[in-house]
Amino acid sequence: MAAKQETAAAVRSVEQYKYGFVTDIESEKAPKGLSEDIIRFISAKKNEPEWMLEWRLKAYRYWLALGDEEPKWAKLNYPKIDYQDSYYYAAPKQKLASMDEVDPKLLETYKKLGIPLAEQAVLAGVAVDAVFDSVSVATTYKKKLEEMGVIFKPISEAVHSHPELVKKYLGSVVPYTDNFFAALNSAVFTDGSFVYIPKGLRCPMELSTYFRINEKNTGQFERTLIIADEGAYVSYLEGCTAPQRDENQLHAAVVELITLDDAEIKYSTVQNWYPGDAEGKGGIYNFVTKRGACRGKNSKIMWTQVETGSAITWKYPSCILQGDNSVGEFYSVAITNNHQQADTGTKMIHLGANTRSKIISKGISAGKADNTYRGLVRIGPRADGARNYTQCDSLLIGDKCGAHTVPYIESRNPTAQTEHEATTSKISEDQLFYCQQRGMTEEEAVSLIVNGFCREVLQTLPMEFAVEAQKLVGISLEGSVG
Amino acid sequence: MALLEIKNLHVSVGGKKILNGISLALNAGEVHAIMGPNGTGKSTLSNVIAGRDGYDVTEGQVLLDGQDILAMEADERARAGVFLAFQYPVEIPGVTTSAFLKTAINAKRRAEGKPEIDAMEFLKLVKAKQKLLSMPDDMIKRALNVGFSGGEKKRAEVLQMTLLEPRVAILDETDSGLDIDALKIVSEGVNTLRGPDRTFLIITHYQRLLNYIVPDHVHVLVGGRVVASGGKELAEQLEAEGYARYLSAA
Ligand SMILES: Nc1ncnc2c1ncn2[C@@H]1O[C@H](COP(=O)(O)OP(=O)(O)OP(=O)(O)O)[C@@H](O)[C@H]1O
Ligand SMILES: [Mg+2]
């Protein structure tokens, strides 16, 4: 039967990690390993001013002083990482002046990833900053944004064009002393996006970055800094993929968001780094520090994350609610299958009066995977009338996986209210049979049910992203039943 | 050749024998009703035909177009045209009825080698069928069966049936929990689907339903056996007398 063969072919093609290809481009790398010389090399490659190099070196020395001791409190298991066995700088060899000069192979890669570059970007109203290994390859839609006063460019360029903004805000939310991985990132970050939305502007298009690790044994350390000035609004999307490799690769990014009075940032991530194979070989180690500061009154930061990839995810997008009446929201879907491990959640730090936060976390665990929600709600003494609502739901598929919920609540203000709800459920045989009785395959049924479970979170994603995310949810759970 | 033929079917669950050699032949175009006391194996029979796990078929066959389907997975059977309206429809939190219906329709279309249904076409189709069943339009925006009343759940089952147009439709107590008006509406839904290429197996406790959906054959199931078969008058007799005479014999 033709239909059957087609179905079989379709199934075969999704069985493989869709983004697991490697692009064959000549690249320039720094020698392996980490030292002050490597940091000077990176800084020199970027033609950085002295203050930037100094900042990196301070971070590096701080990191060195920590010893090679990573944070141990997360519920994660992985072999010791040899930080000298990785490359800290890799860039495609060509220099690029315009989109026309972008290596066609690269564009082909982006096409495979489904990224709308150039014309496609204009049509879709998406401005994309694509980071390929360590260098931002092409920033589309730049001109139109510039006219509106939006600055959207690789951070390596912003260091030159807007040093005052970078100096003022870089490290102001996540200082290099924050944690082991933030210190490492601050020392070696190679690129990332810089966004500034001027006063009163609602950025009319979504800004987007696509991260991809291509080179073997390369760590990726992007640094993203987004500032929404008074009354400004921006929605920012971040997507990530990496080729299939047997070795583990390190990804240690830092993202800092700042909102001034009445400003709002909506930051959405779909993270689909290579998770490793079914036996747990290979995959990305994702150690990411993301934090936003609601500095101004009535400002708002909203994180949405869909984490389906990576062998290890260590990530807590957080909000510091400084301004009175500021709002922090965290919506998360974390899916772990096979041998994946995720320890993820958020921190909501209430400092200002009448600050509000909302946490919706959906953890899905299948195979032999472990999934932990870890979240902190801290209410400071001045945060009169602060409110938090937390809801953590876990869904288990099979009986070899684990789900854990670790909420910490610290309140130092008696007028504050916090509310925490948690559930754990399984996909029932009844539900599966019901769906299958309507003609759906077991995998389709699981995908549908899990998408339903995550709906509240997926709904917060921008439209095109939501569709992709729904498909990803299905793909990442393949082979999880039966 | 019968469209669906059940041959000497013996089934146990967890070591307990439930069905003791059931044989039924459902020809295309026919409507069969099954009646019987609680716990005699009516739902077990439906589940085994539909391919639910957890049942041991120790003997016998279930043939669709002369082919034994017992080795097929539930979803394959569904795509081959077997539909079961559940006695207890299952809640699927977060999945809108609309998303569910679309996925089901597309699963069927894929099996037929057709492209996915167009969004507009889908809405038009569902709206028309909902109207036929006097269901409110916005019902499909709600999570499937979540918070539906008993009667709404049953109507949603019939909606799915009319959308999927199965060749073999098993209705397991679809009339239970329906008010009198709903009973008529749902029966109307079934009757419009009646046709020369289709067969129905209707499980019910109430003869009243059979006034609206007039069966060609009525079977009495007691102790996992078909103890009597006849025309629609058999249902009337059961309504009047109950199962006493069959229970003593069993
Ligand atoms: N999984 C199971 N484990 C043990 N016993 C079961 C199981 N499933 C069904 N049974 C038993 O099998 C018998 C037949 O059940 P079934 O649901 O088929 O009855 P029914 O004829 O549909 O009844 P009703 O009219 O009440 O719906 C019952 O005694 C029931 O308890
Ligand atoms: Mg029953």
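Line by line, the protein sequences give chains A and B.
The numbering used here applies: residue 1081 is where the first sequence begins, and numbers increase by one.
The numbering used here applies: residue 12 is where the second sequence begins, and numbers increase by one.
Glycine included, C-beta positions come from ideal geometry on N, C-alpha and C.
Can you list, in chain order, the residues of its chain with a C-beta nearer than 7 Å to that of residue i? Leave out the 5 residues immediately preceding and following it.
i         : result
B:Gly200  : Leu143, Leu144, Val169 and Thr173
A:Ala1449 : Thr1416, Asn1417, Asn1418, His1419, Gln1420, Gln1421 and Cys1481
B:Lys164  : Pro100 and Asn156
B:Lys152  : Thr107 and Ser109
With respect to the beta strand (DSSP E) encompassing residue i, which residues constitute its N-terminal and C-terminal limits?
i         : result
B:Asp67   : Asp67 to Leu75
A:Trp1383 : Lys1380 to Glu1387
A:Leu1305 : Arg1303 to Ala1308
A:Tyr1411 : Val1407 to Thr1416
B:Gly105  : Unbroken run through B:Gly105: none, as it is neither H nor E.
B:Ala31   : Reading off the sequence, residue 31 of chain B comes out as Asn, not Ala. From DSSP, the beta strand (DSSP E) with B:Asn31 extends over Lys27 to Leu37.
A:Gly1532 : No beta strand (DSSP E) holds A:Gly1532; the alpha helix (DSSP H) holding it covers Glu1522 to Phe1533.
Going by beta-carbon coordinates alone, are residue i and residue j separated by less than 7 Å?
i         : j         : result
B:Gln72   : B:Asp79   : yes
A:Gly1432 : A:Gly1403 : yes
A:Ile1381 : A:Gly1389 : no
B:Gly124  : A:Gly1532 : no
B:Thr108  : A:Met1520 : no
B:Leu9    : B:Gly52   : Chain B is shown from 12 up to 261; residue 9 of chain B falls before or after that span and cannot be answered.
B:Val237  : B:Ile33   : yes
A:Val1350 : A:Gly1319 : yes
A:Ala1463 : A:Thr1435 : yes
B:Ala193  : B:Gln218  : no
A:Tyr1365 : A:Leu1305 : no
A:Ala1525 : A:Leu1538 : no
A:Ile1529 : A:Ile1555 : no
A:Thr1369 : A:Val1275 : no
A:Leu1330 : A:Trp1143 : no
B:Gly188  : B:Gly161  : yes
B:Ile196  : B:Ile45   : no
B:Asp183  : B:Ser54   : yes
A:Ala1414 : A:Glu1387 : yes
Could you work out which residue in the options is closest to residue i when comparing CA atoms only?
i         : options                                       : result
A:Asp1341 : A:Asn1378, A:Met1543, A:Pro1355 and A:Gly1362 : A:Asn1378
A:Gly1447 : A:Gly1455, A:Asp1473 and A:Ile1477            : A:Ile1477
A:Tyr1169 : A:Ile1118, A:Pro1151 and A:Thr1452            : A:Ile1118
B:Gly253  : B:Val225, B:Tyr223, B:Ser240 and B:His216     : B:His216
A:Ile1489 : A:Gln1497, A:Leu1245 and A:Leu1475            : A:Gln1497
A:Glu1523 : A:Pro1111, A:Gly1559 and A:Arg1120            : A:Gly1559
A:Tyr1469 : A:Arg1492, A:Thr1485 and A:Met1428            : A:Met1428
A:Ile1300 : A:Gly1455, A:Phe1261 and A:Thr1257            : Sequence inspection shows Gln at residue 1300 of chain A; the Ile mentioned does not correspond to that position. The candidate whose alpha carbon is nearest that of A:Gln1300 is A:Phe1261.
A:Ser1437 : A:Tyr1316, A:Ser1252, A:Arg1458 and A:Gly1443 : A:Arg1458
A:Leu1557 : A:Gln1550, A:Thr1540 and A:Ser1527            : A:Ser1527
A:Pro1129 : A:Lys1247, A:Arg1467, A:Lys1551 and A:Phe1232 : A:Lys1247
B:Leu136  : B:Glu102, B:Gln171, B:Ala122 and B:Arg166     : B:Gln171
B:Ala96   : B:Gly241, B:Leu81 and B:Thr185                : B:Thr185
A:Ile1277 : A:Leu1512, A:Thr1339, A:Gln1164 and A:Ala1154 : A:Thr1339
Residues in its own chain within less than 6 Å of residue i by CB, not counting five upstream and five downstream?
i         : result
A:Arg1303 : Ile1235, Phe1269, Gly1272 and Val1334
B:Glu127  : Asn117
A:Ala1177 : Only weak support exists for where A:Ala1177 lies, its pLDDT of 47 falling under 50; the coordinates are left without a value.
A:Ser1412 : Gln1385 and Ser1441
A:Gly1280 : Gly1311
B:Ala36   : Ala13 and Glu16
A:Trp1383 : Tyr1347, Pro1397 and Phe1410
B:Leu258  : none
A:Ile1400 : Ala1373 and Ile1429
A:Leu1156 : Ile1392, Gln1421 and Asp1423
B:Ile224  : Ser198 and Val201
A:Val1202 : Below a pLDDT of 50, predicted positions are generally treated as unreliable, and A:Val1202, at 36, falls in that range; the measurement from the model is reported next regardless. So no residue of the chain qualifies.
A:Leu1475 : Ile1444, Ser1505 and Phe1533
A:Glu1199 : Any reading at A:Glu1199 is ruled out, since the residue's pLDDT is 38, under 50, leaving its predicted position unreliable.
What first and last residue would you give for the alpha helix (DSSP H) that runs through residue i?
i         : result
A:Glu1134 : Glu1130 to Ala1145
A:Asn1265 : Phe1260 to Val1268
A:Ala1422 : No alpha helix (DSSP H) contains A:Ala1422, which is instead part of the beta strand (DSSP E) from Gln1421 to His1430.
A:Pro1243 : Pro1243 to Tyr1249
B:Leu245  : Lys243 to Glu252
B:Lys53   : Lys53 to Ala61
B:Arg88   : Ala85 to Arg90
Apart from the five residues just before and just after residue i, which ones in its own chain have a Cβ nearer than 8 Å to its Cβ?
i         : result
B:Asp67   : Val22, Ser23 and Val24
A:Ala1083 : The predicted model places A:Ala1083 with a pLDDT of 37, which falls under 50 and marks its position as unreliable; any figure quoted below should be read in that light. Cβ neighbours of A:Ala1083 beyond the five flanking positions: none.
Contained beta strand (DSSP E) runs [length at least 3] in the region 1455–1517 of chain A, N- to C-terminal order
The region 1455–1517 of chain A contains these whole beta strand (DSSP E) runs: 1467–1477, 1482–1491 and 1497–1506.
Taking the runs of the alpha helix (DSSP H) that are 4 residues or longer, which of them lie wholly in the region 132–206 of chain B?
Complete alpha helix (DSSP H) runs here, min 4: 161–175 and 191–204.
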